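Under my numbering, the first residue of the sequence shown is numbered 232, with each subsequent residue one higher. Backbone N, C-alpha and C fix where the C-beta goes; we use that ideal spot for every residue, glycine too. Bear in mind the structure is a predicted one, so any value in this text is a computation, not a measurement. The structure under discussion appears below in the form of C-alpha coordinates.
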Amino acid sequence: MGNELQVSYQVGTEKVVLTADVVRGYLVSGEGKPSDQEIVFFMKMCKARNLNPWIKDAYLIKYGNRDKAAIVIGKDAILRRAQSNSKYRGHEVEVSEDGKQATCRVFIDGYQVPISVTVNLEEYIGKKADGTVNRQWKQRPKTMLRKCALVAGLREAFTEDLGGLYTVDELGNNESINEMVIPKEVKETPNASNGGSKKKGTKMRPNENDDGWRKTWESFRDTLGEIAFKEVLREMGFDLPEDIPQDRRGEVFEAWSKRAAECL
(Lines of atoms letter the chains of each structure in order from A and count residues from 1; the text may use other names and numbers.)
(Lines give C-alpha, C1' and ligand atoms only; values in the text may rest on other atoms or scores of the structure.)
Protein backbone atom coordinates (compact mmCIF):
# COMPACT_ATOMS: atom_id res chain seq x y z
CA MET A 1 0.00 0.00 0.00
CA GLY A 2 1.35 3.41 -0.97
CA ASN A 3 2.33 5.98 1.63
CA GLU A 4 2.38 3.19 4.15
CA LEU A 5 0.52 3.94 7.33
CA GLN A 6 2.42 3.66 10.58
CA VAL A 7 0.69 3.32 13.93
CA SER A 8 2.55 3.93 17.17
CA TYR A 9 1.27 3.89 20.73
CA GLN A 10 2.29 3.02 24.27
CA VAL A 11 1.33 -0.19 26.11
CA GLY A 12 2.63 0.01 29.66
CA THR A 13 6.34 0.80 29.41
CA GLU A 14 6.70 -0.48 25.84
CA LYS A 15 6.23 1.53 22.66
CA VAL A 16 4.46 -0.41 19.91
CA VAL A 17 5.08 0.52 16.27
CA LEU A 18 3.12 -1.22 13.51
CA THR A 19 3.23 -0.93 9.73
CA ALA A 20 1.43 -2.96 7.06
CA ASP A 21 4.63 -4.79 6.10
CA VAL A 22 5.36 -5.65 9.72
CA VAL A 23 1.84 -7.00 10.28
CA ARG A 24 1.95 -9.07 7.09
CA GLY A 25 5.39 -10.43 7.85
CA TYR A 26 5.03 -11.29 11.52
CA LEU A 27 1.50 -10.98 12.91
CA VAL A 28 -0.76 -12.90 10.52
CA SER A 29 -1.74 -16.54 11.06
CA GLY A 30 -3.16 -18.80 8.36
CA GLU A 31 -2.55 -19.32 4.65
CA GLY A 32 -4.60 -16.37 3.40
CA LYS A 33 -3.27 -12.94 2.48
CA PRO A 34 -5.08 -10.11 4.31
CA SER A 35 -6.24 -7.11 2.29
CA ASP A 36 -4.95 -3.61 2.95
CA GLN A 37 -8.27 -2.83 4.60
CA GLU A 38 -7.97 -5.79 6.97
CA ILE A 39 -4.39 -4.86 7.84
CA VAL A 40 -5.28 -1.24 8.58
CA PHE A 41 -8.27 -2.23 10.69
CA PHE A 42 -6.09 -4.59 12.72
CA MET A 43 -3.54 -1.83 13.37
CA LYS A 44 -6.22 0.67 14.35
CA MET A 45 -7.95 -1.88 16.55
CA CYS A 46 -4.75 -2.70 18.43
CA LYS A 47 -4.14 0.98 19.08
CA ALA A 48 -7.74 1.71 20.08
CA ARG A 49 -7.83 -1.20 22.53
CA ASN A 50 -4.23 -0.74 23.72
CA LEU A 51 -3.14 -4.25 22.68
CA ASN A 52 0.46 -5.32 22.11
CA PRO A 53 0.57 -7.95 19.33
CA TRP A 54 4.27 -8.64 20.01
CA ILE A 55 3.37 -10.43 23.24
CA LYS A 56 0.37 -12.11 21.59
CA ASP A 57 -2.23 -9.74 22.99
CA ALA A 58 -3.79 -9.81 19.52
CA TYR A 59 -3.17 -11.28 16.10
CA LEU A 60 -4.82 -11.49 12.71
CA ILE A 61 -6.10 -14.80 11.34
CA LYS A 62 -6.96 -15.50 7.70
CA TYR A 63 -7.15 -19.19 6.86
CA GLY A 64 -7.58 -18.73 3.11
CA ASN A 65 -7.98 -15.96 0.56
CA ARG A 66 -11.70 -16.69 0.32
CA ASP A 67 -12.11 -16.49 4.08
CA LYS A 68 -12.64 -13.29 6.01
CA ALA A 69 -9.89 -12.14 8.35
CA ALA A 70 -10.55 -12.03 12.08
CA ILE A 71 -8.84 -10.28 14.96
CA VAL A 72 -8.40 -12.61 17.91
CA ILE A 73 -7.09 -11.86 21.38
CA GLY A 74 -4.75 -13.87 23.58
CA LYS A 75 -6.29 -15.42 26.71
CA ASP A 76 -3.54 -13.99 28.90
CA ALA A 77 -4.29 -10.48 27.63
CA ILE A 78 -7.93 -10.85 28.62
CA LEU A 79 -7.00 -12.22 32.04
CA ARG A 80 -4.51 -9.40 32.67
CA ARG A 81 -7.07 -6.79 31.71
CA ALA A 82 -9.65 -8.29 34.06
CA GLN A 83 -7.15 -8.51 36.92
CA SER A 84 -6.25 -4.86 36.46
CA ASN A 85 -9.85 -3.82 37.12
CA SER A 86 -10.12 -2.47 40.67
CA LYS A 87 -13.37 -4.39 41.24
CA TYR A 88 -11.95 -7.80 40.31
CA ARG A 89 -11.93 -10.17 43.29
CA GLY A 90 -10.96 -13.45 41.65
CA HIS A 91 -12.59 -16.20 39.63
CA GLU A 92 -13.15 -19.94 39.61
CA VAL A 93 -13.81 -22.35 36.75
CA GLU A 94 -15.49 -25.74 37.12
CA VAL A 95 -15.65 -28.39 34.39
CA SER A 96 -18.28 -31.13 34.64
CA GLU A 97 -17.08 -34.71 35.06
CA ASP A 98 -18.29 -35.70 31.61
CA GLY A 99 -16.48 -32.70 30.10
CA LYS A 100 -19.57 -31.41 28.34
CA GLN A 101 -19.93 -28.17 30.31
CA ALA A 102 -17.72 -25.63 32.04
CA THR A 103 -18.81 -22.80 34.33
CA CYS A 104 -16.84 -19.68 35.21
CA ARG A 105 -17.72 -17.55 38.23
CA VAL A 106 -16.20 -14.10 38.52
CA PHE A 107 -16.26 -12.32 41.86
CA ILE A 108 -16.71 -8.56 41.72
CA ASP A 109 -16.51 -6.04 44.54
CA GLY A 110 -19.98 -4.83 45.47
CA TYR A 111 -21.84 -7.81 43.99
CA GLN A 112 -23.67 -10.20 46.33
CA VAL A 113 -23.32 -13.12 43.91
CA PRO A 114 -20.64 -13.82 41.31
CA ILE A 115 -21.16 -13.34 37.58
CA SER A 116 -21.63 -16.88 36.25
CA VAL A 117 -21.32 -18.13 32.66
CA THR A 118 -21.67 -21.74 31.48
CA VAL A 119 -20.42 -22.96 28.10
CA ASN A 120 -21.17 -26.23 26.33
CA LEU A 121 -18.67 -28.45 24.53
CA GLU A 122 -20.82 -28.90 21.43
CA GLU A 123 -20.98 -25.13 20.90
CA TYR A 124 -17.25 -24.51 21.20
CA ILE A 125 -15.41 -27.64 20.07
CA GLY A 126 -12.89 -26.77 17.38
CA LYS A 127 -13.17 -28.52 14.04
CA LYS A 128 -11.19 -28.66 10.83
CA ALA A 129 -12.62 -27.68 7.47
CA ASP A 130 -13.61 -31.32 6.85
CA GLY A 131 -15.69 -31.38 10.04
CA THR A 132 -13.36 -33.52 12.16
CA VAL A 133 -12.26 -32.35 15.60
CA ASN A 134 -8.91 -30.54 15.56
CA ARG A 135 -5.90 -31.82 17.46
CA GLN A 136 -6.07 -29.49 20.47
CA TRP A 137 -9.71 -30.21 21.19
CA LYS A 138 -9.28 -33.93 20.57
CA GLN A 139 -6.34 -34.27 22.97
CA ARG A 140 -7.37 -31.76 25.68
CA PRO A 141 -11.13 -31.15 25.47
CA LYS A 142 -11.60 -30.24 29.15
CA THR A 143 -8.66 -27.84 29.16
CA MET A 144 -9.88 -26.11 26.01
CA LEU A 145 -13.44 -25.83 27.31
CA ARG A 146 -12.16 -24.43 30.59
CA LYS A 147 -10.28 -21.70 28.70
CA CYS A 148 -13.41 -20.79 26.76
CA ALA A 149 -15.48 -20.60 29.94
CA LEU A 150 -12.89 -18.39 31.63
CA VAL A 151 -12.77 -15.89 28.80
CA ALA A 152 -16.56 -15.84 28.40
CA GLY A 153 -17.00 -15.25 32.13
CA LEU A 154 -14.46 -12.44 32.31
CA ARG A 155 -15.96 -10.77 29.25
CA GLU A 156 -19.43 -10.95 30.78
CA ALA A 157 -18.17 -9.49 34.05
CA PHE A 158 -16.15 -6.65 32.55
CA THR A 159 -17.92 -5.65 29.37
CA GLU A 160 -16.43 -2.16 29.29
CA ASP A 161 -12.90 -3.56 29.26
CA LEU A 162 -13.42 -6.79 27.35
CA GLY A 163 -16.56 -6.43 25.25
CA GLY A 164 -16.02 -7.57 21.67
CA LEU A 165 -12.73 -9.36 22.40
CA TYR A 166 -12.58 -13.08 21.54
CA THR A 167 -9.87 -15.73 21.68
CA VAL A 168 -9.09 -18.20 18.90
CA ASP A 169 -10.27 -21.06 21.14
CA GLU A 170 -13.77 -19.59 21.18
CA LEU A 171 -14.03 -19.36 17.41
CA GLY A 172 -13.80 -23.10 16.87
CA ASN A 173 -13.72 -23.25 13.07
CA ASN A 174 -13.75 -21.27 9.85
CA GLU A 175 -17.48 -20.58 10.07
CA SER A 176 -17.01 -18.86 13.41
CA ILE A 177 -14.05 -16.91 12.03
CA ASN A 178 -16.22 -15.67 9.19
CA GLU A 179 -18.75 -14.31 11.66
CA MET A 180 -16.09 -12.04 13.17
CA VAL A 181 -16.52 -9.44 10.47
CA ILE A 182 -13.83 -6.93 9.55
CA PRO A 183 -15.16 -4.06 7.41
CA LYS A 184 -14.24 -4.58 3.79
CA GLU A 185 -13.85 -2.25 0.85
CA VAL A 186 -16.96 -2.01 -1.29
CA LYS A 187 -18.08 0.00 -4.29
CA GLU A 188 -21.12 2.12 -3.64
CA THR A 189 -24.14 1.77 -5.89
CA PRO A 190 -26.39 4.57 -7.20
CA ASN A 191 -28.77 5.94 -4.62
CA ALA A 192 -32.30 5.13 -5.71
CA SER A 193 -33.75 7.95 -3.63
CA ASN A 194 -32.05 10.75 -5.54
CA GLY A 195 -30.97 9.03 -8.75
CA GLY A 196 -27.40 10.15 -8.31
CA SER A 197 -24.26 8.08 -8.12
CA LYS A 198 -21.86 8.07 -5.24
CA LYS A 199 -18.11 7.96 -5.25
CA LYS A 200 -16.21 4.77 -4.58
CA GLY A 201 -14.91 4.55 -1.07
CA THR A 202 -14.19 2.49 1.98
CA LYS A 203 -17.39 2.05 3.91
CA MET A 204 -18.73 0.00 6.74
CA ARG A 205 -22.26 -0.31 5.44
CA PRO A 206 -24.54 -3.26 6.28
CA ASN A 207 -27.92 -4.09 4.79
CA GLU A 208 -30.67 -1.82 5.98
CA ASN A 209 -32.94 -4.49 7.43
CA ASP A 210 -33.64 -5.41 11.02
CA ASP A 211 -31.39 -8.49 11.06
CA GLY A 212 -28.50 -6.73 9.37
CA TRP A 213 -28.89 -3.73 11.64
CA ARG A 214 -28.64 -5.89 14.76
CA LYS A 215 -25.78 -8.08 13.52
CA THR A 216 -23.73 -5.12 12.34
CA TRP A 217 -24.11 -3.33 15.66
CA GLU A 218 -23.00 -6.50 17.48
CA SER A 219 -20.02 -7.00 15.14
CA PHE A 220 -18.66 -3.53 15.73
CA ARG A 221 -19.31 -3.25 19.46
CA ASP A 222 -16.31 -1.89 21.31
CA THR A 223 -14.35 -1.30 18.08
CA LEU A 224 -13.63 1.73 15.95
CA GLY A 225 -17.08 1.27 14.39
CA GLU A 226 -18.78 1.75 17.74
CA ILE A 227 -16.92 4.96 18.37
CA ALA A 228 -18.13 6.37 15.07
CA PHE A 229 -21.65 5.01 15.59
CA LYS A 230 -22.02 6.55 19.04
CA GLU A 231 -20.88 9.92 17.75
CA VAL A 232 -23.47 9.81 14.96
CA LEU A 233 -26.25 8.67 17.29
CA ARG A 234 -25.50 11.45 19.75
CA GLU A 235 -25.40 14.10 17.02
CA MET A 236 -28.72 12.90 15.61
CA GLY A 237 -30.42 12.83 19.01
CA PHE A 238 -30.62 9.07 19.67
CA ASP A 239 -29.36 7.08 22.65
CA LEU A 240 -29.53 3.50 21.32
CA PRO A 241 -29.76 1.82 17.89
CA GLU A 242 -33.27 0.57 18.65
CA ASP A 243 -34.40 4.18 19.18
CA ILE A 244 -33.93 4.95 15.48
CA PRO A 245 -37.19 4.73 13.49
CA GLN A 246 -37.21 2.63 10.32
CA ASP A 247 -37.60 5.64 8.02
CA ARG A 248 -34.40 7.25 9.36
CA ARG A 249 -32.08 4.24 9.31
CA GLY A 250 -30.84 4.97 5.81
CA GLU A 251 -29.88 8.47 6.93
CA VAL A 252 -28.03 7.09 9.95
CA PHE A 253 -26.20 4.48 7.87
CA GLU A 254 -25.02 7.15 5.46
CA ALA A 255 -23.68 9.35 8.27
CA TRP A 256 -22.09 6.34 9.99
CA SER A 257 -20.38 5.20 6.79
CA LYS A 258 -18.77 8.59 6.29
CA ARG A 259 -17.65 8.85 9.92
CA ALA A 260 -16.31 5.27 10.00
CA ALA A 261 -14.29 5.85 6.83
CA GLU A 262 -12.69 8.85 8.52
CA CYS A 263 -11.73 6.63 11.49
CA LEU A 264 -9.89 4.26 9.16
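Look up residue i in the DSSP assignment and give the residues it is bridged to.
| i | result |
| --- | --- |
| N351 | Q332 |
| V248 | S239 |
| V364 | K358 |
| V337 | H322, I346 |
Using 10 angstroms around the beta-carbon of residue i, count the other beta-carbons present and answer buried if the total reaches 16, otherwise exposed.
| i | result |
| --- | --- |
| N296 | exposed |
| G481 | exposed |
| P437 | Below a pLDDT of 50, predicted positions are generally treated as unreliable, and P437, at 41, falls in that range; the measurement from the model is reported next regardless. By the 10 Å Cβ count, P437 comes out buried. |
| R280 | buried |
| R386 | buried |
| R465 | exposed |
| V463 | buried |
Among the options, which has the Cα closest to the Cα of residue i?
| i | options | result |
| --- | --- | --- |
| I286 | K299, A301, K306 | K306 |
| D329 | K373, Y294, T398 | K373 |
| Q237 | V254, A289, F389 | V254 |
| W368 | G357, L464, P345, V337 | G357 |
| L376 | N365, M274, A333, Q314 | A333 |
| S260 | T363, F389, V399, L464 | V399 |
| L352 | D361, P345, R371, A360 | R371 |
| E325 | V348, R311, A486, F272 | V348 |
| P345 | F389, G395, V247, A486 | F389 |
Can you list, in chain order, the residues of its chain with a C-beta nearer than 7 Å to that of residue i? Leave out the 5 residues immediately preceding and following it.
| i | result |
| --- | --- |
| L258 | P284, Y290, L291 |
| E262 | Y294, G295 |
| K318 | I339, D340, G341 |
Go through its chain and collect everything with a Cβ distance to residue i's Cβ below 6 Å, but skip five positions before and after it.
| i | result |
| --- | --- |
| E401 | C379 |
| D252 | none |
| V350 | A333, C379, A380, A383 |
Just list the alpha helix (DSSP H) runs in the region 256-332, keeping only unbroken ones of 4 residues or longer that don't cross its boundaries, in chain order.
With a minimum length of 4 residues, the continuous alpha helix (DSSP H) runs that stay inside the region 256-332 are 267-279, 306-314.
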